[in-house]
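Start counting the sequence shown at 18; every next residue gets the next number (the working numbering). Working notes for the structure below.
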Amino acid sequence: AHVIANRALYREKFTVAEGILTGHFDYYTPAGGVFLWLNVGDSEAATKKLWREAGVKVLPGKYLSRTQPDGTNPGAQYIRVALVLERDSIAEGLCRIRDVLNG
């Protein structure tokens with residue numbers, strides 16, 4: 018019962034994210050888990066900007082993937098957003114992300 022309830026809860030959180038972000042960013046929603054991967058172009062610059070201007074902490078995808086032999090890093094353009102807070106807090110954070118990075 019606990020697992021079923023949590024799956025429904027996270028499905029709802031991802032639905033909230035979709036409603037806020039669709040049309041503004043490309044993003045990747047994994048088949049499982051609690052993280053949304055948002056394509057922002059430069060993950061380090063976006064992370065710093067979000068903290069400075071919106072008080073939102075996210076993690077650069079660059080830090081979570083390995084640099085390839087050709088020197089590219091597949092996570093460099095993504096930030097990882099944890100959808101672990103309550104629904105209203107997630108919505109507020111995602112709206113801040115959208116507004117700051119689209120501004």
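Positions of the beta carbon are idealized from the N, C-alpha and C atoms, including for glycine.
Inset, instruction - Check each candidate in 90, 109 and 89 and name the one with the smallest Cα separation from residue 98. - result: Position 81 of the sequence shown, counted from the first residue, corresponds to residue 98. Nearest C-alpha to residue 98: 109.
Inset, instruction - Take residue 75 as the anchor and find which of 27, 18, 118 and 25 has the nearest alpha-carbon. - result: Stepping through the sequence shown from its first residue, residue 75 is reached at position 58. Each of 27, 18, 118 and 25 was checked against the Cα of residue 75, and the nearest Cα belongs to 118.
Inset, instruction - Measure the C-alpha to C-alpha separation of residue 61 and residue 95 and round it to an integer number of angstroms. - result: Here residue 61 refers to the residue found at position 44 when the sequence shown is read from its first residue. Here residue 95 refers to the residue found at position 78 when the sequence shown is read from its first residue. Distance between the alpha carbons of residue 61 and residue 95: 9 Å.
Legend entry - DSSP state of residue 101 mapped onto helix, strand, coil: Position 84 of the sequence shown, counted from the first residue, corresponds to residue 101. The DSSP-derived three-state label of residue 101 is coil.
Inset, instruction - Enumerate in chain order the residues of its own chain whose CB-to-CB distance from residue 77 is below 7 Å, with the five nearest sequence positions on each side excluded. - result: Locating residue 77 in the sequence shown gives position 60, where the first residue counts as 1. Closer than 7 Å at the Cβ level, and outside the excluded window around residue 77, lie 60, 61, 64 and 96.
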